[in-house]
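Everything below concerns the one structure shown next.
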Amino acid sequence: MHRPCSDFEAVTQSTTSHLDNSDLKDLGFVLLECMEGHALPTERHNMEFIVDQRAVNKVFGLTNAEQWSGCKDMVDFLDELFNEKKTALAKYSKPHTFVSSNIQDYECMRPYVELVTLECFTLWTPGD
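With my numbering applied, the sequence shown corresponds to residues 550 to 677, in that order.
Right, dumping it as structure tokens:
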């Protein structure tokens, strides 16, 4: 059974009074599926698995981890998306160190998200 990459019907609308990390985590899982080249199995599509893999210095449990281990910016960005100790507001307010913007709004993440996606698809090959 094919599971969708993300549940877009459950998406939250961001406001300054409420920012949820779930959308950022969903983005992280979508990026991991792009890196893997196919949908992640259910047992690997959960935060407990991600946290356990990072604790033992694994690249999110990817089967082709060695291909991605040299992509430090990508791994750092995913770590930031999956970081449950940091609020979504903090992630948006103080974006990844490789993102710089004089504009104080949530759009400051957009350039880096687009670069990460480009890096992701550069190495992506269709699965079986």
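Ideal placement from N, C-alpha and C gives every residue a C-beta, glycine not left out. Bear in mind that the values here come from a model prediction, so they are computed numbers and not experimental data.
- Query: Leaving out five residues before and five after LEU630 in sequence, what residues of the same chain have Cβ atoms less than 7 Å from its Cβ?
  - Reply: Reading the sequence shown from its first residue, position 81 is the one you call residue 630. These residues qualify, in order along the chain: LEU573, LYS574, LEU576 and GLY577.
- Message: I need the DSSP call for ASP569, collapsed to helix, strand or coil.
- Response: Indexing the sequence shown from 1 puts residue 569 at position 20. Note: ASP569 maps to coil in three-state DSSP.
- Message: Once the 5 residues before and after LYS640 are set aside, which same chain residues still bring their CB inside 7 Å of it?
- Response: For the purposes of this step, residue 640 is identified with residue 91 of the sequence shown, where counting begins at 1. Closer than 7 Å at the Cβ level, and outside the excluded window around LYS640, lie LEU573 and GLU629.
- Message: I need the boundaries of the alpha helix (DSSP H) containing LEU630, first residue and last residue.
- Response: The residue given as residue 630 occupies position 81 in the sequence shown. Its alpha helix (DSSP H) spans residues 621-631.
- Other residues of its chain near HIS594: CB distance less than 7 Å, five sequence neighbours each side excluded: To locate residue 594, count along the sequence shown from 1; it is residue 45. The residues are PHE578.
- Item | Range of the contiguous alpha helix (DSSP H) that encloses GLU597 | The count along the sequence shown starts at 1 and reaches residue 597 at position 48. Here the alpha helix (DSSP H) through GLU597 covers 596-604.
- Message: Here's the rule I'm using: 16 or more other beta-carbon atoms within 10 Å means buried, otherwise exposed. How should ASN606 be labelled?
- Response: The residue labelled residue 606 in the question sits at position 57 within the sequence shown. When all chains shown are included, ASN606 counts as exposed.
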